[in-house]
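Working notes, structure below.
Number of protein chains: 2
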Amino acid sequence: MTKNMNYFNRFADKKVLITGGLGFIGSALARTLVANGAKVTVVDSLIPEYGGNLFNVDGIKESISINISDVRDPFAMAYLLRGQEYLFNLAGQTSHMDSMHNPQTDLDINAAAQLSILEACKKHNPAIKIVFASTRQLYGKPAYLPVDEAHPIRPVDVNGINKLAGEWYHILYNNVYGIKACALRLTNTYGPGMRVKDARQTFLGVWMRNIVEGKPVQVFGDGTQLRDFNYVDDVVDALLLAALSEDSNGEIFNLGSSEVINLKDLAAKLDAMHAGSRHQIVPFPPERKAIDIGDYYSDFTKIRTALGWTPKVGLDQGLRQSLEYYQQHWRHYWESMQ
Amino acid sequence: MTKNMNYFNRFADKKVLITGGLGFIGSALARTLVANGAKVTVVDSLIPEYGGNLFNVDGIKESISINISDVRDPFAMAYLLRGQEYLFNLAGQTSHMDSMHNPQTDLDINAAAQLSILEACKKHNPAIKIVFASTRQLYGKPAYLPVDEAHPIRPVDVNGINKLAGEWYHILYNNVYGIKACALRLTNTYGPGMRVKDARQTFLGVWMRNIVEGKPVQVFGDGTQLRDFNYVDDVVDALLLAALSEDSNGEIFNLGSSEVINLKDLAAKLDAMHAGSRHQIVPFPPERKAIDIGDYYSDFTKIRTALGWTPKVGLDQGLRQSLEYYQQHWRHYWESMQ
Chain A
410 MTKNMNYFNR FADKKVLITG GLGFIGSALA RTLVANGAKV TVVDSLIPEY GGNLFNVDGI
470 KESISINISD VRDPFAMAYL LRGQEYLFNL AGQTSHMDSM HNPQTDLDIN AAAQLSILEA
530 CKKHNPAIKI VFASTRQLYG KPAYLPVDEA HPIRPVDVNG INKLAGEWYH ILYNNVYGIK
590 ACALRLTNTY GPGMRVKDAR QTFLGVWMRN IVEGKPVQVF GDGTQLRDFN YVDDVVDALL
650 LAALSEDSNG EIFNLGSSEV INLKDLAAKL DAMHAGSRHQ IVPFPPERKA IDIGDYYSDF
710 TKIRTALGWT PKVGLDQGLR QSLEYYQQHW RHYWESMQ
Chain B
410 MTKNMNYFNR FADKKVLITG GLGFIGSALA RTLVANGAKV TVVDSLIPEY GGNLFNVDGI
470 KESISINISD VRDPFAMAYL LRGQEYLFNL AGQTSHMDSM HNPQTDLDIN AAAQLSILEA
530 CKKHNPAIKI VFASTRQLYG KPAYLPVDEA HPIRPVDVNG INKLAGEWYH ILYNNVYGIK
590 ACALRLTNTY GPGMRVKDAR QTFLGVWMRN IVEGKPVQVF GDGTQLRDFN YVDDVVDALL
650 LAALSEDSNG EIFNLGSSEV INLKDLAAKL DAMHAGSRHQ IVPFPPERKA IDIGDYYSDF
710 TKIRTALGWT PKVGLDQGLR QSLEYYQQHW RHYWESMQ
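Chains as they are written, first to last, in this note's numbering: chain A, 410 to 747; chain B, 410 to 747.
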């Protein structure tokens with residue numbers, strides 16, 4: 410980030426609502442906002458299959474207001490949105506596989522609830538600024554690399570279609586009703602607090618768990634699939650910059666990283682960081698193969714130019730910090746070592 | 410169409426379900442299918458604000474099975490889909506303005522119900538072939554003309570976003586589960602049977618009504634907006650060709666016409682056809698202006714090449730037939746002359 414840290418002092422005394430605020434990214438965001446003096450309310454459903462975890466707000470519990478409810482509850486949301494100056498709208502169903510098995514649930518959370526949140530803003534709080542967490546999953550299998558925002562949209566799973574609808578409702582309400590809203594299309598985000606119990610949020614989560622448990626990491630396919638990764642603190646910076654900028658209104662921005670790596674090399678990097686860690690190259694399970702997107706990495710020139718954002722935490726540093734976190738705190742993220 | 414009419418004899422004895430089958434296009438499709446010996450079931454909710462009208466199937470009522478129900482009723486749909494060989498999936502909320510006033514209803518019909526229909530096909534009838542009626546509204550304001558299928562997708566209203574989700578669920582279920590499905594993106598369709606009571610389905614509908622009632626036609630803006638129009642029989646041909654082709658599976662096709670015309674000239678054309686008819690150029694109502702797409706006409710090369718479809722009914726002939734129809738049958742489409 411080119412702007413200095415004091416820039417986020419602008420959130421001092423601001424009323425901020427974070428949906429999915431007990432989740433991985435939401436809780437990291439809450440932490441930074443609290444450090445900058447914001448009045449933070451987090452909403453989270455704490456549905457066991459999703460990313461919410463009270464331990465994620467350990468240490469800031471007393472400094473925030475925690476409201477357990479679901480973005481699908483229009484009455485709760487309408488109440489919670491009143492008087493807020495910023496909404497970081499991060500709650501979502503993030504599992505690609507779950508979206509195929511329970512498409513209607515994915516639709517209810519990622520599309521229908523978003524529409525209802527925007528309707529509530531239109532009725533009760535039209536001056537709010539919204540930053541919506543979208544996903545690179547919308548692009549589907551890349552037609553070219555790196556993928557910029559002009560890349561065709563062609564989601565390969567139900568989650569991608571519903572997130573697209575959710576994202577575009579935001580842009581539409583900005584354009585038609587002047588509800589200030591923008592969307593960030595996140596790539597693979599990782600770091601302390603991510604769901605590691607299983608592969609629902611990111612495959613890197615279950616890799617971390619396996620490493621800490623001393624089990625081999627499984628790399629699907631041939632391991633040559635390219636990916637880019639953002640450390641969670643960098644994503645928090647992007648969310649905050651987008652919230653503070655008027656230039657972001659109505660805009661969609663890719664996040665991304667210049668540190669592109671294939672999955673095999675990523676697994677090897679983790680092996681090297683952790684004594685005894687090892688990985689296996691295994692065939693794709695067929696139902697994962699059907700929705701796999703091949704190589705992916707983002708062009709994030711637009712957000713760099715418009716908002717001055719660049720990722721600061723390198724992959725080595727970020728992975729090391731994440732591994733250390735789960736070695737220390739694993740008990741808060743899964744039941745027992747197996 | 411390059412193929413001769415006997416080609417549609419292939420539907421003889423085929424079991425065909427049409428959602429929105431008492432609507433404008435659905436009923437015209439049912440008529441052609443009946444003429445070709447198909448066993449047709451139509452589903453329609455007959456919601457007064459939508460396009461369903463029992464008079465649309467006058468003369469074929471005894472030859473089809475009529476089931477009044479709603480595509481949002483998953484139990485009715487699961488029952489009706491069993492054993493069908495073709496599904497023409499035309500039911501939809503089509504009003505752009507209504508989608509802004511009741512976005513959740515639009516989502517329920519145009520997205521959620523579509524997902525539930527596809528889930529029912531996956532579970533109970535995976536061999537069915539589906540043709541989905543989509544819309545050029547997905548493209549939003551054209552970046553270039555004519556608009557082909559590679560044009561960026563950027564809907565300007567809630568209806569466009571939800572129709573997009575509904576369309577892509579179909580393509581996804583084709584690609585992932587092998588449920589044969591394709592989508593046609595319709596442009597302005599007109600002809601006998603269209604909703605003329607108000608402007609909910611197409612502005613040309615309310616124009617027809619005004620002409621028959623001897624009232625002036627209102628042209629919004631400056632009247633220079635370009636549009637292309639398809640006569641309903643041509644759209645029926647496209648739906649049938651898409652259903653019979655294996656090459657259509659997983660594909661999206663624009664419909665369109667080479668007869669591009671601006672709204673002022675279209676109004677003048679109607680004036681010339683009907684003694685006493687006249688039009689007025691009036692400013693855009695603001696809420697319509699917010700979702701107006703400017704000039705639009707389609708490139709339909711893809712469907713012409715792949716399926717041999719071209720529109721056959723010229724605008725003069727089609728408009729004349731439509732006017733005659735409503736002069737004769739207006740009582741079945743609105744209450745009384747005012």
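Quick reminder that beta carbons are idealized off the backbone N, C-alpha and C, glycines included.
Would residue i count as contacting chain B if we go by Cβ distances under 9 Å?
i, result
"A/Q736", "no"
"A/I427", "no"
"A/H741", "no"
"A/V585", "yes"
"A/A592", "no"
"A/M682", "no"
Check the Cβ of residue i against every Cβ in chain B and list those closer than 7 Å, keeping chain order.
i, result
"A/L635", "By Cβ distance, chain B contributes nothing, its closest Cβ being about 23 Å from A/L635, past 7 Å."
"A/I570", "A574, W577, Y578 and L581"
"A/A699", "V585"
"A/I562", "I562"
Excluding five sequence neighbours on each side, which residues of the same chain lie with their C-beta closer than 7 Å to the C-beta of residue i?
i, result
"B/Q737", "none"
"A/G623", "G685"
"B/S525", "P483 and M486"
"A/P564", "Q546, L547, G549, I570 and L573"
"B/V567", "S508, M509, P512 and D515"
List the DSSP bridge partners of residue i.
i, result
"A/C591", "A/V540"
"B/L426", "B/T450 and B/L496"
"B/Q409", "Examination of residue 409 of chain B is not possible in this model, given that chain B is present from 410 through 747 alone."
"B/F638", "B/N597"
"B/S707", "B/V556"
Could you work out which residues of chain A lie near residue i, taking near to mean beta carbons separated by less than 8 Å?
i, result
"B/Q513", "A521, L524, S525 and E528"
Which chain A residues are close to residue i, counting only those with a beta carbon under 7 Å from its beta carbon?
i, result
"B/L516", "A520, A521 and L524"
Are the C-beta of residue i and some C-beta of chain A separated by less than 9 Å?
i, result
"B/V565", "yes"
"B/A559", "yes"
"B/M603", "no"
"B/M509", "yes"
"B/T411", "Because B/T411 carries a pLDDT of 45, less than 50, the predicted location of this residue cannot be relied on, and no value is offered for it."
"B/F629", "no"
Ordered along the chain, which non-local residues of its own chain (more than five positions away) have a Cβ less than 8 Å from that of residue i?
i, result
"A/Y582", "L527, C530, K531, I588 and A590"
"A/F693", "F629, G630 and D701"
Can you list, in chain order, the residues of its chain whose CB lies under 6 Å from that of residue i, leaving out five sequence neighbours each side?
i, result
"A/V669", "L635, D637 and Y706"
"A/L649", "F417"
"A/G665", "T596, D637, S707 and F709"
"B/V621", "Y735, Q736 and W739"
Cβ of residue i less than 9 Å from any chain D Cβ?
i, result
"B/L613", "Of the protein chains in this structure, namely A and B, none is chain D."
query: Can you list, in chain order, the stretches of the beta strand (DSSP E) that have 3 or more residues and sit fully within the stretch 654 to 694 of chain A?
result: 661 to 663, 669 to 671 and 688 to 691
- prompt: Which parts of the stretch 462 to 490 of chain B are runs of the alpha helix (DSSP H), unbroken and 4 residues or longer, counting only runs that do not cross its ends?
  reply: 483 to 490
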